[in-house]
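Chemist: The structure that follows is given in the form of structure tokens.
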Amino acid sequence: MSASDSGTDVGERGPRLQQLKELLRSELIAILDTIRGAKALVLDRDVSAALSAVVDFAALKEHGVEKMFLLETGAGDAPVQGVVYLVQPNVRKLRLVAEQVRAGSGREHSVQLVPRRTLLGERVLEEAGVLGDVTLGELRLDAVPLDDDVVSLEQPGMFAALYLDGDFSGIQSVARALMRLQGLWGFFPRIVGKGDYAQMLAHSLERMRAELGTGSAGDALALSSAFDAAVVVDRAADVVTPLLTQLTYEGLVSEVFGIVGGAVAGGDAKGARVAASGDDAVYRAIRDVGFADVGALLGAMTRQLQTSYESRHQARTVQEIRSFVGRLGGLQAEHQALKAHVAVAEAVLRRTQSDDFGALLDIEQTLVAGADLDPEQRAYVDRVLALADTHAYVPGVDTERRDPPAPAAPNSLHKVLRILCLCALWRGPALKQKTYDAWYDEIVAAFGAHHTITLDNLARVGLLPPPSAARSQPGSAHANPRGFLRKALNLAVADDADDVAYAYAGYAPLSVRLLQVLTQDPAVHTPAASSRYAALLRPLADRLATQTQPVTPQSVGGVRGGWAGWEDVLAEVPGATVDIMQTPAADAADARAQRLGVKAPATLVVFLGGCTSAEIAALRRLSQQHGHRYVVATTQILNGNSFLDPLIQHK
Amino acid sequence: MTTAEWHALQDTFYRKHRLYQMQWAGLDLSKFRIAASSFAGPIALQRDDRLLLEAGSAPMLDSSIHVYSASGQTIGTIEYEGLHMAGFSWNAREELVCVQEDGNVRVFSLSGRDPVSFSLGPEAREHGVAECCFWDQGLVAMTQDLRFIYVNDIGEPKPRMLADAQLTEPPHCWTVVPPHLTLSRHVEVLVATGATVLCVDAAGVQDQLLDQGPYARISVSPNGRLAALCSLQGRIQVVSIDFQRSFSECTAPASSALADIAWCGSDAAVLSFGDEALLVGPFGDTLSFEFDAPVHLVQELDGVRMFTDDVHELLSKVGEDSKSVFQIGSTAPAALLYDAVDTMRAHSSRADEIVRSIRDDMPQAVDTCIAAAGAEPDVGVQQALLRAASLGKSFLTAYNGDKLVDMCRSLRVVNSLASYAVGIPATLVQFHSLPFEEWVERLLHRNLHQLALRICAYMDAPADQVYVHWACAKIRASTIDDDALYRVLRERLDTLPRPIASYVDIAEVANACGFQRLAIRLLMHEPRAASQVPLLISMGQDDAAMDAAMRSGDADLVYFVIFHLFKALSLGDFFQTIARTPAAARLFEKYCTDMDAPVLEDYYFQDDAFAKSARLIVVENLHESDAVKLVANLKVALKMLHNDKASVLEAHAIDQQIKLLQVQQQFSRDISNEEESYIGLTLNETLARTLASGNYSRATKLRTDFKVPERRFYYIKVHALVGRRDWAELARLAHARKSPIGYRPFVDECVAALQYQEAAKYVPKCDVQDRAALFMRIGFYHEAAQAAVQARDVDTLRQVHAAATDPTLQHDIAQQIEQLTSR
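From first to last, the protein sequence lines stand for chains A and X.
Here the working numbering runs 3 ahead of the position in the first sequence, where the first position is 1.
Quick note: the second sequence, position 180, residue 172 per the working numbering, numbers continuous.
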């Protein structure tokens, strides 16, 4: 890449993610064209959302797709000659595929593994005796741009796979996806991260780069001038954030309704689609506002609805009327969309105003502040457990919503577990064994005996450890590491509307704070104190005072000093610490020059194990404050329910 | 004179250039079956086993396949034994694909690797293969019972049947239309039967409804738009591929039977009749070429090669560039420039005149000369043209010389490929249409390492593949021991500036040749852990393979090793081995869980993993609806849990579950058939349902039996009582003794059920501060006002004032507010 190229890149403020979309689309079409004639597409649920972000049905139809089915149902007896399966190479899913292939002999079957063809997948089909009857391939649907600053790596359930099953297949897929990004925009000059699997990912990336280097293609890729670094956050480093209630508008929609494939789960009252993605202008404008502003927002939306109605009366001349009628179609659509959004916002508002929501938030804030639950809060937990609803609709997990959301969130297992996990995580060793035992009993009585497995799972991944296990954690210099982190990283921010803590009503996500450490953001960083230890000794008030200084765009943005000086803090965050410089190849002198000369306009933030909408909103706020783009690459967009769900033993 | 090789056909010219005098002295081609590869590749000969031979006359009596270069030099011999071949052909990678009568296909590579075999499937095995038709990626075989089987990709063969054309007798001829040339992008076959042609693909058969057949030969043009048909009567037609339009027609000389058709470019066909080759142009005019012996055709991208026992010639269309330089009487700038070189050499001043006359057209003249050099087969003429270009260039100030340099370099490589010793007479067009590495590969097939290396260096290309091939060849041919061989290889490979990429390829060969120690030592140099794994496994180095797989960070490779171990070892050994790598053990566990594999039970059992075994039983019984069986199974699980001290809570939970199931069985006996069974409900649900059905004493017993905490019981009971509107019982519950959950839940439940009167009864029992707000919520403003006064809560009082509609009340409240605030 020449210097002038990099100049235009900076002008466009970093990488254009839409490039990926075009790439993915052409790969998909090429695969569809290998099967002649009319065909049916059978989709893994986990693939369908990604697919819809890349291509629309009209385009599929153009390439012979007559109908689409979900894997659970299969193509049935649809009158088609060919069936194309797009599934993840997951054992259970492939067994289902094999079953359907056996039942539908006489058809041409093509099984495309997403995002990569694995030996494991091949083996499952072989065991089932259908490997010879299908065309096996892969569709690299692994870096799907959901927005101009969000890429989904399409590996749902990654946290559970890694930490519960020890199945690290996903790391390879993520590494391949990141290699794809590096192929387009050059190698990340630096890979920084936190977490054991973040380290594994970084090593995979290094190895893949080395292998490229020894191939006949040579070290063709230069260092990136678009990204200054990739920051990898292993979800295990911050499990608290996803458990908390998100308080941005999008976060709340996800908590109240659930968001599926860029739309509100279940749609509006009539079941029609309500967009919940950046493609929708209304939604784009409101998704990141804080919870306190939802009321005002709703008012503004209603007013806008009115104006869009009124505009027809303002037409006076024939020409004006004609132009109005010309716009009518678009206006009606816009009007409908707005109406749907207002209905959604109303439901969200009803939820946030309910007693139940207030009680829940109260508990979260108490815990975040480091206090224990008071009797009233305990009573609330007891009540939720006693009046458990085993059939509740769980937003973020279930997709078939039947009823409009009730003002009070139903007492689902997910809701209970989120509270209990938060208690265990924040209280740490202070949690009494007696309390834990009582909870254990309550969960089993309320949700069934098979949740002994769920509780064991949660204990094993460290979300709900029995106090005996929590106490025996070695290597920590602090009695309650989380309390230390709260202070050291200024996680509890009571009243600062500018802080990223707005997304969680006073709690700054640890994941985002880690990034702020790297970017030397004054919210965590005191420029005067070069030593972190000195900073710690000073009273907290001092540190707060420095935060009020205006952030100058020149002083922050992008990954700067690395982790140096923060060793004591990082020691309390679970997992390995990663900091790798990807040096340019010896002969790539221009790459080095670039690196010294131009400051890359973007940083890639990789969430290994998913991130929440609220975290994305917090990063967007940082982007504005820093004048630097933070592009998110996440394995999935989570809420607390979808985070916990893979850990739950379902019936 | 260059144009001596030119033959005019209307206004176009065809160049017939003598490539080689064949070096295979005294070979009689008529005794052989021949497969010649395109892209100037090798020629394979096998003695035709259906022809009779005179005793003692044949030099080659064996059935092996002899491979010659295009110049007739021996490249090698492929030992072929076995059944009669139905057909053989070269594919795009210079591998010889041989289809046997019995439907087995063997793919021989020139680089000494073992042949790859696959079968065309049961139909082919049963009926036998009659004939084959190939394209560069795949093949179609016709069985003896006249069905067609196709393989799209010989590298990954998946034999499939085309639709049944219902043929009753062998077709007169048939040919294949490769997938990249068809509209559907799938392979089609054209079958001449009766007077017509059928178009057969996987989906169906389409009769083209022709009546001028029967056709003895069909050939499809390289771009797939035209087909040449030759009828039994010798009439040649060129038609569009859909058989709708006829472009040209002519009649063949009746002298001998048609042997072959090949396309020269996309608009002219060459037909061979014994010693004669006939070029049929786009308008039906013909050019005839005579040879001394039967001629064989090889279709190329940009022409046709024709070879006999004796000579090898290339027929190709003369391009516009060559025409403008060499056509007699041409006054094109390029032609003038070409002349200028001669005149300059003769020290004539006319050279200057010529150059001046070209003037502004000079860049074009230079370009044309360069292009013409590329099209010219003769080295001398190439040089002359390039010299002309060079001369012209010197008159231009701003001309980018890269084109000239590139042409010189490319031609130098092309010419060295075309030498007799190498025998790859590729044209420049062909040279550019394949990646450079392919050409290097072709040199390596002929074991020309030195030349390959030089060419790589000359073209500034990485030479890894040359070294790898060299090392492999060295190992294959070696007779010394592992260590000596290792030293020899390292000596050479260590001198390279950059380490080569794939030691694994070399190690593989070493292993295959029995040098296992060498293979392991070489593997250590392989940078990609991923590539080491399969080879280590095949060498029986299981532990090393597992290590390499773990190092690669790719779970899929670990699975690869696991599956291998699982197959290779006894179950006990397998468990022991896998336990050494805990990460692998977890992957195995996960796989078995997802496969519902019974082996997991054994695994947990031998590992004394009691809790896991118990959980397995719990999961297996999630959908068990027979309570008796369920209890029995859970008891087994419970017994296992008792073995594990860490699972006290879990054991207790399962114990309780068993008890609960027994109680539920009992309850279920008392209900009518329409009602849903109790089995499967949770303890809380069971309680709630018992209460909802009014069976309070039973609920109380449940509560004591299961030690349900008081608070939980109250929450459930209040909810259930409000649900069934049993206000008397609710009141009894409230008054029996002080509620452990307070009275707020009583109010909340009533409010949620819209029973405000009932709710009002319990508000006074709530906290003083809450009462006003609660009364407000159910619209009891008088009481709300009183409560607020009691609590001295001015704010709430104001709210009541605003909400109340009764003027007297409003007045009272106003007074109260005044009193409270004035104090």
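The beta-carbon is built from N, C-alpha and C at its ideal position, and this holds for glycine as well.
Treat the numbers as computed from the prediction; the structure is a model and nothing was measured.
Flag this pair as touching only if the segment 57 to 76 of chain A and the segment 105 to 115 of chain A have three or more C-beta atom pairs under 8 Å; answer yes or no.
Modeler: Too few Cβ pairs lie closer than 8 Å, so no.
Chemist: Residue 309 of chain X to residue 5 of chain X, Cα distance in whole Å?
Modeler: Cα-Cα distance, rounded: 6 Å.
Chemist: How would you list, in chain order, the residues of chain X whose beta-carbon sits under 7 Å from the beta-carbon of residue 214 of chain A?
Modeler: Residues of chain X passing the Cβ test: 519, 520.
Chemist: With C-beta atoms as the reference, is residue 117 of chain A less than 7 Å away from residue 144 of chain A?
Modeler: For residue 117 of chain A and residue 144 of chain A, yes; Cβs fall inside 7 Å.
Chemist: Taking the alpha-carbon positions, what's the residue 398 of chain X to residue 422 of chain X distance?
Modeler: Near 16 Å, if we compare the C-alpha coordinates of residue 422 of chain X and residue 398 of chain X.
Chemist: Whole angstroms are fine: how far does the CA of residue 78 of chain X sit from the CA of residue 492 of chain X?
Modeler: Distance between the alpha carbons of residue 492 of chain X and residue 78 of chain X is about 41 Å.
Chemist: Chain X beta carbons: is any one of them nearer than 7 Å to that of residue 281 of chain A?
Modeler: Judged by the 7 Å Cβ criterion, residue 281 of chain A is not in contact with chain X.
Chemist: I'd like the list of long-range same chain contacts for residue 57 of chain A, defined as Cβ closer than 8 Å, with 5 residues on each side in sequence excluded.
Modeler: Here the set comprises 24, 27, 28, 31, 144, 147.
Chemist: Measuring only the C-alpha atoms, how far is residue 382 of chain X from residue 404 of chain X?
Modeler: The alpha-carbon atoms of residue 382 of chain X and residue 404 of chain X are separated by roughly 16 Å.
Chemist: Spatial neighbours of residue 161 of chain A within its chain, please: CB distance less than 6 Å, with the 5 preceding and 5 following residues excluded, ordered by chain position.
Modeler: Same-chain partners within the cutoff: 173, 612, 638.
Chemist: Check for me: the beta strand (DSSP E) holding residue 306 of chain X runs from which residue to which?
Modeler: Counting along the chain, the beta strand (DSSP E) containing residue 306 of chain X begins and ends at 303 to 309.
Chemist: In chain order, what are the residue ranges of uninterrupted beta strand (DSSP E) at least 3 long that sit wholly in the segment 175 to 258 of chain X?
Modeler: Complete beta strand (DSSP E) runs here, min 3: 180 to 185, 188 to 192, 197 to 199, 207 to 212, 218 to 223, 227 to 232, 238 to 243, 252 to 256.
Chemist: Which residue from X:430, X:188, X:530 puts its Cα closest to that of residue 455 of chain X?
Modeler: When each option's Cα is compared against that of residue 455 of chain X, the closest is X:430.
Chemist: Three Cβ pairs or more, each shorter than 8 Å: is that satisfied between the segment 195 to 212 of chain A and the segment 597 to 606 of chain X?
Modeler: No, the segment 195 to 212 of chain A is not in contact with the segment 597 to 606 of chain X.
Chemist: Could you tell me the distance, in whole angstroms, from the CA atom of residue 75 of chain X to the CA atom of residue 98 of chain X?
Modeler: Approximately 12 Å between the Cα atoms of the pair.
Chemist: When Cβ atoms are compared, which residues of the segment 161 to 183 of chain A fall closer than 7 Å to chain X?
Modeler: Listed by position along the chain: 168, 169, 170, 171, 172, 174, 175.
Chemist: Step through the CB atoms of chain A and report whether any lies within less than 7 Å of the CB of residue 145 of chain X.
Modeler: Not an interface residue.
Chemist: For residue 646 of chain A, which option in A:397, A:234, A:490 has the closest C-alpha, if you only look at C-alpha atoms?
Modeler: Of the listed residues, the one whose Cα sits closest to residue 646 of chain A is A:397.
Chemist: In angstroms, rounded to a whole number, what distance separates the CA positions of residue 169 of chain X and residue 193 of chain X?
Modeler: Whole-angstrom Cα-Cα distance: 10 Å.
Chemist: Should residue 591 of chain A be flagged as near chain X, meaning a C-beta pair shorter than 7 Å?
Modeler: Model confidence at residue 591 of chain A stands at a pLDDT of 48, short of 50, so the residue's coordinates are unreliable and nothing is read from them.
Chemist: Could you name the residues of the same chain whose beta carbon sits closer than 7 Å to that of residue 750 of chain X, not counting the 5 residues immediately before and after it, in chain order?
Modeler: Taken in chain order, the residues that qualify are 719, 742.
Chemist: Does DSSP put residue 708 of chain X in a helix, a strand or coil?
Modeler: DSSP places residue 708 of chain X in helix when its eight states are reduced to three.
Chemist: How would you label residue 595 of chain X, buried or exposed, when you count the other beta carbons within 10 angstroms and need 16 or more for buried?
Modeler: By the 10 Å Cβ count, residue 595 of chain X comes out buried.
Chemist: Starting from residue 872 of chain X, follow the beta strand (DSSP E) in both directions and report where the run begins and ends.
Modeler: Examination of residue 872 of chain X is not possible in this model, given that chain X is present from -7 through 815 alone.
Chemist: Taking 7 Å as the threshold (C-beta atoms), are residue 408 of chain A and residue 350 of chain A in contact?
Modeler: Yes, the Cβ-Cβ distance between residue 350 of chain A and residue 408 of chain A is below 7 Å.
Chemist: If you run the structure through DSSP and keep just helix, strand and coil, what is residue 539 of chain A?
Modeler: Note that residue 539 of chain A scores 43 on pLDDT, short of 50, meaning its location in the model is unreliable; the coordinates nonetheless yield the value given after this. Looking at residue 539 of chain A - three-state DSSP - the assignment turns out to be helix.
Chemist: Given that a residue counts as buried once 16 or more other Cβ atoms are within 10 Å of its Cβ, and exposed if not, what is residue 241 of chain A?
Modeler: Under this definition residue 241 of chain A is a buried residue.
Chemist: Taking 8 Å as the threshold, find out whether the segment 504 to 512 of chain X comes into contact with the segment 468 to 479 of chain X through three or more Cβ pairs.
Modeler: The segment 504 to 512 of chain X, when compared against the segment 468 to 479 of chain X, does touch it at the 8 Å Cβ threshold.
Chemist: Going by the beta-carbon positions, is the gap between residue 380 of chain X and residue 347 of chain X smaller than 7 Å?
Modeler: Against a cut-off of 7 Å, the Cβ pair of residue 347 of chain X and residue 380 of chain X comes out as no contact.
Chemist: Which residues of the segment 669 to 688 of chain X have a Cβ closer than 9 Å to any Cβ of chain A? Give them in chain order.
Modeler: Residues 672, 673, 674, 675, 676, 677, 679, 680.
Chemist: Grab the span of the alpha helix (DSSP H) containing residue 535 of chain X for me, first residue to last.
Modeler: First-last of the alpha helix (DSSP H) with residue 535 of chain X: 534 to 544.
Chemist: For my contact list, residue 540 of chain X and residue 528 of chain X are in at a C-beta cut-off of 8 Å; report their separation, rounded to the angstrom.
Modeler: About 6 Å separates the two Cβ atoms, so the contact holds.
Chemist: Quick one: does residue 383 of chain A have its CB under 7 Å from some CB of chain X?
Modeler: By this cut-off, residue 383 of chain A is not an interface position.
Chemist: If you measure beta-carbon to beta-carbon, which residues of the segment 456 to 467 of chain A are closer than 9 Å to chain X?
Modeler: So the list reads 456, 458, 459, given in the order they occur along the chain.
Chemist: On the DSSP bridge list, what partners appear for residue 141 of chain X?
Modeler: Residue 141 of chain X is bridged to X:133, X:153.
Chemist: What's the gap between the Cα of residue 531 of chain A and the Cα of residue 632 of chain A?
Modeler: Confidence in residue 531 of chain A is poor, its pLDDT being 37 and thus under 50, which makes the residue's placement unreliable; the coordinate value appears in the next sentence. Cα to Cα, residue 531 of chain A sits roughly 26 Å from residue 632 of chain A.
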